[in-house]
Amino acid sequence: MEEGSLLIPILTVFGLILMSAFFSGSETGLTSVAKAKIYKLKMEGNRRAIILSKLREDKERLIGAILLGNNVVNIAASAIATALAIKLFGQSGVVYATAIMTVLVLVFAEVLPKTYAVRHAEKVALAVAPVFVFITRILSPFTMAVHKVVNWVLNLLTTSPQEDMSGTEVLRGAIAMYHEEGDVEEDDKNMLSGIIDLEATDIEQIMIHRSEMSTANIDDPVRKIAAFVANSSHTRIPLWQGSPDKIVGVLHAKDLFKATQNHEGDLNDLDIKTIVREPWYVPETNTLKNQLQAFRKHRRHFALVVDESGGLSGLVTLEDILEEVVGDIEDEHDLPDRTAIKKKKNGSYEIDGHVTLRDLKKELGWNFPDEEVTTLAGLVMELAQCIPDEEDIFEMEDFMFQVLKKNGAQITRIKVRETISTKEEVDEQLADQPAIKGQKE
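Residue numbers (the working numbering): 16 to 456.
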């Protein structure tokens, strides 16, 4: 066979392999580039990003065109190479052609271009986007026919397609993924997750329970109320009348200071009721996101929380909601509580009953069910189905709880121990145990 007659099919095969590499790399680049990057470039007016976004709106059409083009050039390259090998080596040329084309297609038409596209997804996607506008239009009749056949077969063999993940779920997954890869620090992960959780968390889960509220009796002498405010770490004090659950107003420390100045320090003729503010009540089922928006709309930082029957449940502040995102915020007047969660040398924990299950999840990674109760004390009472006594012990899955202290019917201190160790710890404990007599070593 003449060399000139060999040159054309060989060049054709290599040209088709280059086209296959183009389709393979384009597929990876177009589908793997982050949607957020496309949006950012679109906002900057990048025309190629706008074209790319339009292409990705119809992914089935785009992928169909890529796969159709890729398969056509791969099959054509293999067919030409096989025909050429048969002319050169006879029937054994099929084996040679298969081996050579497998290596060439795998390395140069699949792995190499796709690896490059993964490393430079944005660059590749923006470069090939205008080209694929033309390709998708040319191959549109063929891809539509293929899709009809595919959809018909899928409808026969499968049920309805799986619903797409919500944007919130996608964000959660992205945050967790980048945290595991080391691109997002633990604190940043908690903050980003906290922002997302605002919409899924009710006020009831973070509010200060009415038993923990710092309140004063509005009928007490003004000097007594003033002394209470001065010694409190809070700037807003709910005032009750008749019963601690009947809040009639909220006293702001700044208002009290201003009134004191106006009376030149003489509080004897000051009517405290004239400077208290009307209490603002919100339902405990309100989400943190909605309550944050309400705080901003009403220009308030403090609200009383009521249950479905209108009874007082507790209070919530703007700071409480912000702490769900940024963590605990302490100022120079806050009294730090270092003993709310205390780890003992034997591995157990002594925890205040008012600590919320959400805080335990953040601090220790314990994922207790919080649909019915919000605090550790509430969880223990739910397990007991009554008000337990001190020293009573309860068990739930991999945890044991012991009531350490009570104040009347209120559980104030609880001991918690994990009863199941991690696999590594179990293996280590087993390794430390002496071998049983007669057991093979």
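Note that beta-carbon positions come from the ideal geometry of N, C-alpha and C, so glycine has one too. Given the structure is predicted, the values throughout are model-derived calculations rather than measurements.
**Asked** So what does DSSP say about Thr117, is it helix, strand or coil?
**Response** On the sequence shown, position 102 is the one that residue 117 refers to. Thr117 falls in the helix class under three-state DSSP.
**Request:** Measure the C-alpha to C-alpha separation of Ala114 and Val88 and round it to an integer number of angstroms.
**Result:** As a working mapping, residue 114 is identified with position 99 in the sequence shown. As a working mapping, residue 88 is identified with position 73 in the sequence shown. Those two C-alpha atoms are separated by around 18 Å.
**Request:** Evaluate Lys129 with the Cβ neighbour count: other Cβ atoms within 10 Å of its Cβ, from every protein chain shown; 16 or more gives buried, anything less gives exposed.
**Result:** The residue labelled residue 129 in the question sits at position 114 within the sequence shown. It is buried - the Cβ of Lys129 has at least 16 other Cβ atoms within 10 Å.
**Item:** Identity of the residues DSSP links to Glu365 by a beta bridge
**Value:** Position 350 of the sequence shown holds residue 365. DSSP output for Glu365 lists Lys357 and Lys430 as bridge partner(s).
**Asked** Under 8 Å, do Leu394 and Glu339 count as touching if we go by C-beta distance?
**Response** Taking the first residue of the sequence shown as 1, we reach residue 394 at position 379. Taking the first residue of the sequence shown as 1, we reach residue 339 at position 324. Against a cut-off of 8 Å, the Cβ pair of Glu339 and Leu394 comes out as no contact.
**Request:** Quick one: grab the DSSP three-state call for Met16.
**Result:** Stepping through the sequence shown from its first residue, residue 16 is reached at position 1. Any reading at Met16 must be qualified, since the residue scores a pLDDT of 48, below 50, and its modelled position is unreliable; the value itself is stated next. Coil.
**Asked** In its own chain, which residues sit with a C-beta less than 7 Å from the C-beta of Lys455, not counting the 5 before and 5 after it?
**Response** Stepping through the sequence shown from its first residue, residue 455 is reached at position 440. The pLDDT assigned to Lys455 is 36, lower than 50, so where the model puts this residue is not dependable; a value taken from the coordinates is nonetheless given after this. So the list is empty, once near-sequence residues are dropped.
**Request:** Please check the pair Ala91 and Leu31, which I expect to be a contact at CB under 8 Å, by giving their CB distance rounded to whole angstroms.
**Result:** For the purposes of this step, residue 91 is taken as residue 76 along the sequence shown, with counting starting at 1. For the purposes of this step, residue 31 is taken as residue 16 along the sequence shown, with counting starting at 1. Indeed, because the Cβ distance is near 5 Å, the residues count as touching under 8 Å.
**Asked** Which residue comes first and which comes last in the beta strand (DSSP E) that contains Phe104?
**Response** As a first step, residue 104 is located in the sequence shown; it is residue number 89 there, counting from the start. Phe104 -> not in any beta strand (DSSP E); alpha helix (DSSP H) instead, spanning Lys74 to Phe104.
**Message:** Between Val165, Leu121 and Phe243, which has its C-alpha nearest Gly79's C-alpha?
**Reply:** Counting from one through the sequence shown, the residue named residue 79 turns up at place 64. Measuring from the Cα of Gly79, the nearest candidate turns out to be Val165.
**Asked** Does the distance from the CB of Gly209 to the CB of Tyr131 come in under 8 Å?
**Response** Translated into positions along the sequence shown, residue 209 becomes position 194. Translated into positions along the sequence shown, residue 131 becomes position 116. Contact: no.
**Message:** Taking the beta carbon of Leu141 as the centre, do at least 16 other beta carbons fall within 10 Å, making it buried, or is it exposed?
**Reply:** Residue numbering aside, residue 141 sits at position 126 when the sequence shown is read from its first letter. Buried.
**Spatial neighbours of Leu333 in its chain, beta-carbon cut-off 7 Å, leaving aside the 5 residues before and after** = On the sequence shown, position 318 is the one that residue 333 refers to. Within the same chain, Leu333 has close Cβ partners Phe310 and His316.
**Prompt:** Looking at the structure shown, is His194 part of a helix, part of a strand, or coil, going by DSSP?
**Reply:** Translated into positions along the sequence shown, residue 194 becomes position 179. Helix at His194.
**Item:** Neighbour-count burial assignment, Val331, 16 or more Cβ in a 10 Å radius
**Value:** As a first step, residue 331 must be located in the sequence shown, where it is residue number 316. Classification for Val331: buried.
**Residues that DSSP places opposite Ala318 in a beta bridge** = In the sequence shown, counting from the first residue as 1, residue 318 sits at position 303. Ala318 pairs with Val331.
**Request:** Could you pull the start and end residues of the beta strand (DSSP E) that Asn422 belongs to?
**Result:** Along the sequence shown, read from residue 1 onward, the residue named residue 422 stands at position 407. Taken as a continuous stretch (DSSP letters only), the beta strand (DSSP E) holding Asn422 covers Phe414 to Asn422.
**Item:** Rounded Cβ spacing between Leu82 and Leu45 (contact assumed at less than 8 Å)
**Value:** For the purposes of this step, residue 82 is identified with residue 67 of the sequence shown, where counting begins at 1. For the purposes of this step, residue 45 is identified with residue 30 of the sequence shown, where counting begins at 1. That belief does not hold up - the Cβ atoms of Leu82 and Leu45 are roughly 12 Å apart, past 8 Å.
**Message:** The alpha helix (DSSP H) that contains Leu391, what's its start and end?
**Reply:** In the sequence shown, counting from the first residue as 1, residue 391 sits at position 376. Leu391 to Ala399 is the span of the alpha helix (DSSP H), which, as asked, contains Leu391.
**Request:** Verify whether the separation of the beta carbon atoms of Thr434 and Phe414 is less than 8 Å.
**Result:** What you label residue 434 is simply residue 419 of the sequence shown in a count that begins at 1. What you label residue 414 is simply residue 399 of the sequence shown in a count that begins at 1. The answer is yes: Cβ separation under 8 Å.
**Message:** Strictly by DSSP, which residues pair up with Tyr131?
**Reply:** Locating residue 131 in the sequence shown gives position 116, counting from the first residue. Answer is none; Tyr131 lacks a bridge partner.
**Item:** For Ala457: DSSP bridge partner residues
**Value:** This structure gives no information on residue 457, because the portion of the chain shown stretches from 16 to 456.
**Leu26, DSSP secondary structure in three states** = Working through the sequence shown from its first residue, we reach residue 26 at position 11. Helix at Leu26.
**Asked** What are the residues that DSSP puts in a beta bridge with Ser258?
**Response** Within the sequence shown, the letter at position 243 stands for residue 258. Its beta-bridge partners are Gln256.
**Request:** Could you pull the start and end residues of the beta strand (DSSP E) that Ile408 belongs to?
**Result:** The residue labelled residue 408 in the question sits at position 393 within the sequence shown. Looking at the DSSP string, the run of the beta strand (DSSP E) that includes Ile408 is Ile408 to Met411.
**Request:** Could you have a look at Asp235 and say whether DSSP puts it in helix, strand or coil?
**Result:** Against the sequence shown, residue 235 aligns to sequence position 220. Reduced to three states, the DSSP call for Asp235 is coil.
**Prompt:** What's the gap between the Cα of Val388 and the Cα of Phe123?
**Reply:** The residue given as residue 388 occupies position 373 in the sequence shown. The residue given as residue 123 occupies position 108 in the sequence shown. If I take the Cα positions, the gap works out to 60 Å.
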